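Undergrad: Heads up: the protein sequence lines correspond to chains A and B, in order.
532 is the number of the first residue of the first sequence in the numbering used here; add one for each residue after it.
412 is the number of the first residue of the second sequence in the numbering used here; add one for each residue after it.
Ideal Cβ positions, reconstructed from N, Cα and C, are used throughout, including at glycine.
These numbers were taken from a predicted model, which means no experiment stands behind them.
Here you go, one structure.
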Amino acid sequence: TNQVSDSDQEKIDAIEWMTFDPLQRSEAMKQANAIMRSFLASKKLLACKKAFDQLPVKSIDVIFKNTLQQTGNTELSNEDGNAVKEYLCIKAYLDAHDAFNEWFAHYHGRKPTLPEPPSAANYMERVAHEHRVKEHKVEVAQWQSSLDQLTKRAEESLYNVLLFVTGGWMVDQNDVSQEEGGRLHQMRLLRQLCLPQICFLLHTVLHSTKQHHACLQLADLVASENHLLYRSFGREELQKLLSKIRESCLELLDAKLDPLGYELA
Amino acid sequence: LGRFLQTDEHKYMSWLHNIAMGNFLQAHATLFDLAKEEEKIFSKKKTLLSLSKLAALASEDPPDIIANNWEEIQREQTLMLHQEQLPESVIEGLALDVEKFRVFSAEELIELFTGELNVDAMEFDFKKALDLLEFLPKDGRADFDRLLMLIWSRAILRDSWTDLDSTEAETACKRTVFFRTVELAIAEDMDLATRLPNLDRLLSSDELQGLSSNKTFRFFLGTAFEQIQRMMAK
C-alpha cells in the first residue's frame, strides 16, 4: 500500500493529461474515479491518494460552471451528479484513513514516559527529579489534549464514510440507464471491501478511548434499515464485529454496569 | 438451575459466552428474547435488537430457523424508527430526555403523533399514525377501530372547515390536512377501502360530535369525500 508501481504511476500521470481542457473536466473526473476504484480494490491507498491529488481541487466548481454555461442552470446531468458524489465518497474514505493513521501514531507512539526516579537521591537530584515530574505532567496533559482532538477528528471522518449522505457511501444518487463498464458492480464490491474495514477502525478508536457505549451503538448503525450497512458485511466480518463488541461489553461489566452499559437493575 | 439461568443477569452473560464460543444462533435467540422483554429503556431495546439481528446474520445455521424471528425483528425495528421520528414539539412537551426514552407502544405513538403536543402535525404525521395501526397487538380489533376513527377525526379537526371558501369548495377541501393525508395514503398504496371509514361513520365519531350537525362542515366534508371516491375509483 505504500509504494506506487511504475505502471500505476503512468495511470496517475494520465489523469493530468485529461485535466488540461476545463471543458472535459467531468470526463476527467469519471476517468479518475475509475482509476481510483481500481486502486482501492487492490488496496493501493497511496496510489489512490496520488490519483486524487492529480485532479485539481476546484474540479467540482468547474463542472458546475460548465453545466451552467451549457444548460443555463446548475442542475448536473445524472452521470455528472453520480461522478461528483463518487469523487466525494473517495475523498471521505481517504480522509478517514488519514485521520485514523494520525490518531493511531499519536495514541501508540508519542505518549511521554514517566521520568525514572534517581537511584541515589541526594538533594539536588531529588529537586531535579521533582522538576522533571512536573514537566512530565504538563507533557501528558498536552499529549492528552492532542489525542482528544485527533480522536474527535478520526471519529468524525470514519462516521462520515459509514453515514455518507444521499443513500450511502459509493451508492449512486441518480439512476443511469446504461451501466458503464461494470461500474455499479465495482462500487458494490468496494462497499463490501471498505465499509467493514472502516467500521473496525472506528471500533478501534472508540474502544481504545474507552467509549464503550459508542462501541455498542455500532451494532445499531450496522443493523439499521436506513443505512443497510449490514448488507456489505460478510458472515465472518459480522462474527468479527460481534466479537469486538463483546470485548466492549466485558469492559462495561468491569465497570459494574450491565453488558450494554446501563445501570444494573 | 433452569430458573437461575432464566434471570436477566444470566441471560446477559450467556449471549456473551455464546459469541465467544461461536454459537451465533443461540446468541441471536437469547438477544431476541431480551429485546422483546426490554420495555424500560428505548436505546437498550434497540441495541439488543440490533445485536440479535447481527448475530442471526453471523450464524451459519440454515436461514429458515431464523426466518420467523427475522420478520419480527424488522417489524420491531420499524416501530422503533417511528418512535425516533417523534417531532421535537412532542418530545419537549413530554419533557423527555431522548437518552432516557422509554419504549412507547404503537397505541401511545398514535396518540402522540396525532395529539395536541404535535403542534405542527401534517399529513405525514397522520399517515404515520395509520401505518402504526399495523403494530397494534393482533387480538385487539376494538382498539384498531377506535384508533382508526381517532386518527381520521383528529386529521379533520386540524382544519377549520366552517371557514373554508365555499366559492371554490373543491380546491378548498384539497388543502385540508385530512385530504392531503388521503392523497398521501393513496400515493403510498395504502388500501383505503379498509383504512378509511365512510362519511356517516366518521360523522358519528365522538371527536366530531361538536361539528357533525353543522351544515357547512357537512357540506365541505361531503365534497371532500366525493373527490376521494373519484380518486379511489381510478
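1) CB-CB under 8 Å to phenylalanine 628/B, same chain, minus the five flanking residues each way: which ones, in chain order?
2) Quick one: what does DSSP say serine 538/A is sitting in, helix, strand or coil?
3) Just mark leucine 412/B as buried or exposed, buried being the case when its beta carbon has 16 or more other beta carbons within 10 Å.
4) Please report the residue range of the alpha helix (DSSP H) in which histidine 758/A lies.
5) Below 7 Å CB to CB, which residues in the same chain sit around lysine 457/B once its five sequence neighbours on both sides are set aside?
6) Below 8 Å on the Cβ atoms is my contact criterion, and I expect leucine 791/A with leucine 752/A to pass it. Report the Cβ-Cβ distance as a whole number of Å.
7) For the stretch 653-694 of chain A, which segments carrying the alpha helix (DSSP H) assignment without a break, of at least 4 residues, lie completely within its bounds, in sequence order?
8) Indicate whether methionine 560/A and leucine 576/A have their beta-carbon atoms separated by less than 8 Å.
9) Answer yes or no: does any C-beta atom of chain B fall closer than 8 Å to that of proline 790/A?
10) Among residues of its own chain, excluding the 5 on either side of tryptophan 426/B, which ones have a beta-carbon nearer than 6 Å to its beta-carbon?
11) Is the distance from the Cβ of alanine 627/A to the Cβ of serine 688/A below 8 Å?
12) Please look up how many angstroms separate the CB atoms of lysine 581/A and isoleucine 621/A, rounded, as I've assumed it's under 8 Å.
13) Measuring alpha carbon to alpha carbon, tell me which of Lys741/A, Glu610/A and Thr735/A ends up nearest lysine 775/A.
14) Do asparagine 691/A and alanine 614/A count as a contact pair if the criterion is CB distance below 8 Å?
15) Can you have a look at proline 727/A and say buried or exposed, based on whether 16 or more other CB atoms are within 10 angstroms of its CB?
16) By a C-beta neighbour count over all protein chains shown, 10 Å radius and 16 as the cutoff for buried, is leucine 795/A buried or exposed?
17) Let me make sure I understand the geometry here. Which of Glu656/A, His637/A, Val664/A and Tyr654/A has the alpha-carbon closest to that of leucine 645/A?
18) Expressed to the nearest angstrom, what Euclidean distance is found between the alpha-carbon atoms of proline 649/A and alanine 659/A?
19) Taking only the alpha-carbon atoms, compute the straight-line gap between threonine 602/A and lysine 596/A and give it to the nearest angstrom.
20) Can you tell me where the alpha helix (DSSP H) holding phenylalanine 555/B begins and where it ends?
TA: In brief:
1) Sequence index remark: in the second sequence, residue 628/B carries index 217 (1-based). So the qualifying residues of the chain are Trp572, Thr573 and Leu622.
2) Indexing the first sequence from 1 puts residue 538/A at position 7. Helix, per DSSP.
3) As a first step, residue 412/B is located in the second sequence; it is residue number 1 there, counting from the start. The predicted model places leucine 412/B with a pLDDT of 49, which falls under 50 and marks its position as unreliable, so this point remains unresolved.
4) Counted from its first residue, the first sequence places residue 758/A at position 227. Taken as a continuous stretch (DSSP letters only), histidine 758/A belongs to no alpha helix (DSSP H), as it is neither H nor E.
5) Stepping through the second sequence from its first residue, residue 457/B is reached at position 46. The residues are Met491.
6) What you label residue 791/A is simply residue 260 of the first sequence in a count that begins at 1. What you label residue 752/A is simply residue 221 of the first sequence in a count that begins at 1. In fact, because the Cβ distance is near 15 Å, the residues do not count as touching under 8 Å.
7) 654-693
8) For the purposes of this step, residue 560/A is taken as the residue at position 29 of the first sequence. For the purposes of this step, residue 576/A is taken as the residue at position 45 of the first sequence. No, the Cβ-Cβ distance between methionine 560/A and leucine 576/A is not below 8 Å.
9) Within the first sequence, numbered from 1, the residue matching residue 790/A stands at position 259. It does: the Cβ of proline 790/A has a partner Cβ on chain B nearer than 8 Å.
10) Translated into positions along the second sequence, residue 426/B becomes position 15. The answer, listed in chain order, is Ala438, Thr441 and Leu442.
11) By 1-based counting over the first sequence, the position of residue 627/A is 96. By 1-based counting over the first sequence, the position of residue 688/A is 157. Yes, the pair counts as a contact, with Cβ atoms nearer than the cut-off.
12) One-based indexing of the first sequence puts residue 581/A at position 50. One-based indexing of the first sequence puts residue 621/A at position 90. Not confirmed; about 12 Å, so no contact.
13) Within the first sequence, the letter at position 244 stands for residue 775/A. Comparing Cα-Cα distances from lysine 775/A to each of Lys741/A, Glu610/A and Thr735/A, the minimum goes to Thr735/A.
14) Start at 1 with the first residue of the first sequence, and residue 614/A comes out as number 83. Start at 1 with the first residue of the first sequence, and residue 691/A comes out as number 160. No, the Cβ-Cβ distance between alanine 614/A and asparagine 691/A is not below 8 Å.
15) Along the first sequence, read from residue 1 onward, the residue named residue 727/A stands at position 196. The residue in question, proline 727/A, is buried, as its Cβ has 16 or more Cβ neighbours within 10 Å.
16) Counted from its first residue, the first sequence places residue 795/A at position 264. Leucine 795/A should be labelled exposed.
17) Position 114 of the first sequence, counting from 1, holds the residue named residue 645/A. Closest by alpha carbon: Val664/A.
18) Within the first sequence, the letter at position 118 stands for residue 649/A. Within the first sequence, the letter at position 128 stands for residue 659/A. Each residue's Cα considered, the two are about 9 Å apart.
19) Reading the first sequence from its first residue, position 71 is the one you call residue 602/A. Reading the first sequence from its first residue, position 65 is the one you call residue 596/A. Straight-line Cα distance between these residues: approximately 10 Å.
20) Taking the second sequence and counting its residues from 1, one reaches residue 555/B at position 144. Per DSSP, phenylalanine 555/B belongs to the alpha helix (DSSP H) from 552-568.
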